[in-house]
Amino acid sequence: MERRRVVITGLGAVTPIGLTAAESWQAVKDGVCGIAPITQFDPTDLKVHLAAEVKGFVPENYMSKPEAKRMGRFTQMAVVSAKEALDGAGFTLDEAEADRCGVIVSSGIGGISTIQSCCESGQSRGFDKVSPFFIPMAISNLAAGHIAIRFGLHGMCISPVAACAGGSNAVGDAFRHIRDGYAEVMLCGGAEAAITPLSIGG
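Residue numbers (numbering that gives the first Met the number 0): 0 to 201.
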C-alpha cells in the first residue's frame with residue numbers, strides 16, 4: 000500500500016496563555032507563563048493554590064447559552080478550537096466526502112467538574128435530581144462527538160485516553176489514518192478542563 004503525504008492545514012487552540020492558536024503561539028514566543036493563582040474556586044483550604052487556568056473564556060461568545068449549558072467546559076473549548084482550525088484551513092464539506100472526514104479528540108478525564116458538581120448535588124438533593132445532561136457532559140468522548148455532529152464529519156469519531164499524552168496520541172492516530180488511506184481529513188487534538196477542588200486535592 001502506498002503511504003500518502005499528510006499535512007496540517009489549520010490550527011485551533013484555547014489555552015492558559017491565549018484564546019486562539021495565534022495568541023497562544025505569540026505568548027510562547029514572548030515567554031508568557033500561564034501558571035497563576037486559581038480563580039475558578041476558592042483554594043484557601045487546599046495545599047495547592049496555583050494552576051494553569053484558561054482565563055477569559057466565555058462560551059456564550061462562541062455559541063448559544065442553551066448549547067453551552069449542555070456541554071462540559073472541556074467540550075466547549077474543544078468545539079471552539081475545532082472551529083478555529085477548520086476556519087484556518089478554509090475547509091468546507093464541499094471539498095470532501097463527509098464519510099471520509101473524521102475526528103480524533105482526546106480527553107484524559109473529560110468533564111470532571113460536571114462529575115464533582117453532580118455528585119455534590121446528588122448527595123444533597125438526592126440522585127434522582129441529578130441533571131439528565133450529567134452523562135453527556137461528563138464522558139470523555141463527547142468533545143469529539145460534539146465536533147463531529149456540529150461540523151458534519153461522518154468518518155471515524157473516537158477519543159483515545161492517554162493521560163497527558165492524549166492530544167499527541169490523537170494527532171499520531173489521525174496522521175496514520177490519513178497516511179494509510181482510511182480518511183482524507185481528520186480533525187484531531189486534545190481537550191481538558193480539570194481545575195476543580197477534587198482534581199487539585201488529588
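All residues carry an ideal CB built from backbone N, CA and C; glycine is no exception.
DSSP three-state label for L45, please.
coil
Distance, G11 Cα to A162 Cα:
When rounded, the distance between both Cα atoms is 20 Å.
For S105, which three-state DSSP category applies?
strand
Report yes if the CB atom of A35 is closer than 8 Å to the CB atom of L49, and no otherwise.
yes
To the nearest angstrom, report how far apart I177 and G107 are at their CA atoms.
24 Å
Validate contact between the segment 74-93 and the segment 141-154 using beta carbons, cut 8 Å, 3 pairs
yes
Please specify which runs of the alpha helix (DSSP H), each continuous and at least 4 residues long, are wholly inside the segment 64-131, giving them in chain order.
64-68, 72-88 and 111-124
Alpha carbon of R3 to alpha carbon of E183, nearest angstrom
10 Å
For chain B, check one thing: does any of its Cβ atoms lie closer than 8 Å to the Cβ of I103?
Although the question refers to chain B, the structure presented lacks it and comprises just one protein chain.
Where DSSP assigns a beta bridge to C187, which residues make up the other side?
I103
Determine contact between the segment 180-194 and the segment 164-172, defined as no fewer than three beta-carbon pairs at a distance below 8 Å.
yes
Should S123 go down as buried or exposed, given a rule of 16 or more other Cβ atoms within 10 Å for buried?
Flag for S123 reads exposed.
Should I111 go down as buried or exposed, given a rule of 16 or more other Cβ atoms within 10 Å for buried?
buried
State the Cα-Cα distance for the pair V5 and C118, rounded to the nearest angstrom.
43 Å
Please report the residue range of the alpha helix (DSSP H) in which R3 lies.
That residue, R3, is in no alpha helix (DSSP H); it is neither H nor E in DSSP.
Can you give me the C-alpha to C-alpha distance between F126 and Q25, rounded to a whole angstrom?
46 Å
Burial state of C32, where buried means 16 or more other Cβ atoms lie within 10 Å
Counting Cβ neighbours within 10 Å, C32 comes out exposed, since fewer than 16 surround it.
On the CB-based measure, 16 or more other CB atoms within 10 Å of its CB, does E96 come out buried or exposed?
So E96 ends up on the exposed side.
Candidates E191, T8, G200 and V160: which alpha carbon is nearest K82's?
It is T8.
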